[in-house]
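Engineer: Quick one: structure below, then a few questions.
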Amino acid sequence: MSATSVDVLIIGAGAAGLMCAIAAGARGRSVRVLDHANKPGKKILMSGGGRCNFTNMHCGPDNFLSANPHFCKSALSRYTPWDFIALVEKHEVPYHEKTLGQLFCDRSSKDILNLLLAECEQVGASVETHTPVEIEQLGPPHRVRTPQETIDCESLVIATGGYSIPRMGATGWGFDFARELGLAVQATRAALVPFVFEGRKLEQLEGLAGISVDTRSTAAEGTFRENLLFTHKGLSGPAMLQVSSYWQPGEPVQIDLLPDQNLTEELKRLRRDRPRASLSTILAQHWPKRMAERWCELWFGHPTLAELSDQAIDNIVRHAQPWTVWPAGTEGYRTAEVTIGGVDTDELSSKTMEAKQQPGLFFIGEVVDVTGHLGGHNFQWAWASGQAAGQFV
Ligand code: FDA
Numbered sequence: 057m058s059a060t061s062v063d064v065l066i067i068g069a070g071a072a073g074l075m076c077a078i079a080a081g082a083r084g085r086s087v088r089v090l091d092h093a094n095k096p097g098k099k100i101l102m103s104g105g106g107r108c109n110f111t112n113m114h115c116g117p118d119n120f121l122s123a124n125p126h127f128c129k130s131a132l133s134r135y136t137p138w139d140f141i142a143l144v145e146k147h148e149v150p151y152h153e154k155t156l157g158q159l160f161c162d163r164s165s166k167d168i169l170n171l172l173l174a175e176c177e178q179v180g181a182s183v184e185t186h187t188p189v190e191i192e193q194l195g196p197p198h199r200v201r202t203p204q205e206t207i208d209c210e211s212l213v214i215a216t217g218g219y220s221i222p223r224m225g226a227t228g229w230g231f232d233f234a235r236e237l238g239l240a241v242q243a244t245r246a247a248l249v250p251f252v253f254e255g256r257k258l259e260q261l262e263g264l265a266g267i268s269v270d271t272r273s274t275a276a277e278g279t280f281r282e283n284l285l286f287t288h289k290g291l292s293g294p295a296m297l298q299v300s301s302y303w304q305p306g307e308p309v310q311i312d313l314l315p316d317q318n319l320t321e322e323l324k325r326l327r328r329d330r331p332r333a334s335l336s337t338i339l340a341q342h343w344p345k346r347m348a349e350r351w352c353e354l355w356f357g358h359p360t361l362a363e364l365s366d367q368a369i370d371n372i373v374r375h376a377q378p379w380t381v382w383p384a385g386t387e388g389y390r391t392a393e394v395t396i397g398g399v400d401t402d403e404l405s406s407k408t409m410e411a412k413q414q415p416g417l418f419f420i421g422e423v424v425d426v427t428g429h430l431g432g433h434n435f436q437w438a439w440a441s442g443q444a445a446g447q448f449v
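Numbering (our numbering), first residue to last: 57 to 449.
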């Protein structure tokens with residue numbers, strides 16, 4: 057078995073690992089990136105529905121969850137969305153703003169992966185796939201074993217991401233490795249993930265699958281004004297993905313289905329002005345007709361407004377402002393966009409991403425306990441933390 061050495065060895069050729077390789081290579085460091093999967097950047101390719109929501113123009117520390125909400129500030133301030141946009145423009149990748157500052161490729165996510173690989177090539181960083189690793193010794197020099205060789209390196213960077221989408225090669229390897237070293241790891245769970253329901257609640261929601269409505273949705277301290285999507289298993293759409301990051305099993309989710317309306321006032325006024333109108337007709341002015349009809353069928357029948365007492369109006373409003381539901385769970389890592397939790401930020405320098413107790417060992421990207429909201433923030437964290445480490449490896 058051959059033995060080689062390199063300045064910087066990065067485990068994981070995802071968003072964070074590739075960005076770190078570019079930054080380190082640009083400083084003249086020799087860099088190798090190893091990944092056990094058959095292709096680099098698989099999550100980049102599948103992201104944003106194939107168009108990669110590569111950053112968010114409004115990205116800031118408030119868009120992240122972490123046991124230490126201050127940790128992400130340093131890296132985010134040193135590599136901003138505008139820095140990544142400059143890279144995108146340098147490679148003439150066409151892009152557009154979809155909504156709320158979210159930037160997507162016009163063509164395909166491949167454009168982002170190709171630009172990262174082109175930058176790696178330009179700085180001489182090699183990206184190698186099909187390469188599982190074992191850490192033999194921590195130094196520096198650190199020694200890493202692959203099936204073909206042992207590699208000594210001054211800096212070892214863990215950029216192996218989280219558990220989400222195991223069929224894409226995601227593993228908890230980085231978390232396990234950190235734990236084995238005695239580093240604290242914040243409890244992990246699936247986030248940015250649809251909710252599932254069971255039994256009677258699921259039966260009630262049947263027939264609504266495919267309908268999308270504007271909401272203001274809340275779980276614990278997370279509130280988002282986004283669309284909800286009814287599915288055959290439960291509730292999804294950006295509103296549910298966002299609040300799933302704040303939700304704990306057994307807790308309710310509160311969904312204001314008429315975020316700009318005062319339904320009580322509206323129904324009382326219309327009871328006077330249009331007494332013969334049916335409740336479902338009025339609700340259908342705000343919701344898709346199928347939803348308004350199903351909602352009435354489920355809980356109120358088909359009364360005219362004249363038939364509604366004040367108490368009946370209160371009951372109707374309780375099913376909409378907010379509608380409170382108790383999910384049975386989430387779809388889990390199978391469909392989650394991210395893993396919340398990870399390597400405790402107390403173990404790392406926010407300036408360099410280096411482990412405080414382990415010189416020359418760095419953790420970047422999703423493996424760290426920093427999780428972004430939906431909308432390009434997770435990639436911005438991958439770029440910023442990769443860039444931060446890339447200055448010091
Ligand atoms: P990432 O998971 O990208 O890379 C880790 C790499 O390490 C992988 O290549 C993996 O194969 C490798 N690896 C793992 N274990 C290993 C081991 N033991 N040995 C060697 N290699 C190993 N975010 C966003 O901002 N905008 C978006 O549009 C989307 N869309 C989106 C869609 C879907 C379906 C998912 C699942 C996720 C998103 N995300 C997103 C989230 C985003 O993809 C995620 O936050 C980043 O990819 C994290 O980057 P990392 O480099 O940290 O991990």
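The beta carbon of each residue, even a glycine, is placed where N, CA and C say it ideally should be.
This structure is a prediction, so every number in the text was calculated from the model and none was measured.
What residues match up with Phe120 in a beta bridge as DSSP calls it?
Structural biologist: In the DSSP output, where bridge partners are listed per residue, Phe120 has Gly428.
Engineer: When every heavy atom of ligand 1 is checked, does at least one fall within less than 7 Å of the C-beta of Asp91?
Structural biologist: Yes, Cβ of Asp91 sits closer than 7 Å to a heavy atom of ligand 1.
Engineer: Using DSSP with H/G/I as helix, E/B as strand and the rest coil, what is His433?
Structural biologist: Reduced to three states, the DSSP call for His433 is helix.
Engineer: For the alpha helix (DSSP H) that Val64 lies in, which residues bound it at each end?
Structural biologist: It is not in any alpha helix (DSSP H) - Val64 instead sits in the beta strand (DSSP E) that spans Ser58 to Ile67.
Engineer: Hey, out of Val89, Arg83, His126 and Cys115, whose CA is closest to Ile141's CA?
Structural biologist: Closest by alpha carbon: Cys115.
Engineer: Residue range of the beta strand (DSSP E) that Gln367 falls in?
Structural biologist: Segment Asp366 to Arg374 is the alpha helix (DSSP H) holding Gln367; no beta strand (DSSP E) there.
Engineer: Going by DSSP, name the residue or residues bridged to Arg281.
Structural biologist: Arg272, per the DSSP bridge assignment.
Engineer: Considering only heavy atoms of ligand 1, does any lie closer than 7 Å to the CB of Lys407?
Structural biologist: Flag unset: Cβ of Lys407 not near ligand 1.
Engineer: Kindly indicate which three-state DSSP category Tyr151 falls into: helix, strand or coil?
Structural biologist: Note: Tyr151 maps to strand in three-state DSSP.
Engineer: Check the DSSP bridge columns for Gly385 and list the partner residues they point to.
Structural biologist: Per DSSP, Val252.
Engineer: Out of Ala376, Tyr302, Glu282 and Gln193, point me to the one whose CA is closest to Gly431's CA.
Structural biologist: Comparing Cα-Cα distances from Gly431 to each of Ala376, Tyr302, Glu282 and Gln193, the minimum goes to Glu282.
Engineer: Would you check whether ligand 1 has a heavy atom nearer than 7 Å to the C-beta of Pro117?
Structural biologist: Checking every heavy atom of ligand 1 against the Cβ of Pro117, none is found closer than 7 Å.
Engineer: Within the same chain, show all residues whose beta-carbon is closer than 6 Å to that of Val87, passing over the 5 residues directly before and after it, in chain order.
Structural biologist: So the qualifying residues of the chain are Val64, Ala77, Ala80, Gly81 and Ala181.
Engineer: Please go through the same chain and pick out, in chain order, the residues whose beta-carbon is closer than 6 Å to the beta-carbon of Pro150, but skip the five residues on each side of it.
Structural biologist: Cβ neighbours of Pro150 beyond the five flanking positions: Asp162.
Engineer: Check whether the Cβ of Ile394 lies closer than 7 Å to any heavy atom of ligand 1, and answer yes or no.
Structural biologist: According to the sequence shown, residue 394 is Val rather than Ile. Yes, the Cβ of Val394 comes within 7 Å of a heavy atom of ligand 1.
Engineer: Does Arg390 pass the burial test, meaning 16 or more other C-beta atoms within 10 Å, or should it be called exposed?
Structural biologist: When all chains shown are included, Arg390 counts as exposed.
Engineer: Whole angstroms is fine: what's the gap from Gln436's alpha carbon to Pro250's?
Structural biologist: If you take the alpha carbons of Gln436 and Pro250, they lie about 22 Å apart.
Engineer: Thinking C-alpha only, which one of His288, Val423 and Ile67 is nearest Arg90?
Structural biologist: First, the residue type needs correcting, since residue 90 is Leu and not Arg in the sequence shown. Of His288, Val423 and Ile67, the residue nearest in Cα terms is Ile67.
Engineer: With a cut-off of 8 Å on the beta carbons, I'd call His33 and Asn119 a contact; round off their distance for me.
Structural biologist: This structure cannot speak to residue 33, because the chain is shown only from 57 to 449.
Engineer: Checking 8 Å against the spacing of the C-beta atoms, do Ala247 and Val241 come in under that value?
Structural biologist: For Ala247 and Val241, no; Cβs fall outside 8 Å.
Engineer: Ordered along the chain, which non-local residues of its own chain (more than five positions away) have a Cβ less than 7 Å from that of Val252?
Structural biologist: Within the same chain, Val252 has close Cβ partners Lys289, Gly290, Pro383, Ala384, Gly385, Thr386 and Glu387.
Engineer: Using 7 Å as the cut-off, classify the Cβ of Ile141 as near or not near the heavy atoms of ligand 3, replying yes or no.
Structural biologist: In the structure shown, ligand 3 is absent; the only ligands present are ligand 1.
Engineer: Rounded to whole angstroms, what is the Cα-Cα separation between Pro308 and Lys407?
Structural biologist: Taking the straight line joining both Cα atoms gives about 38 Å.
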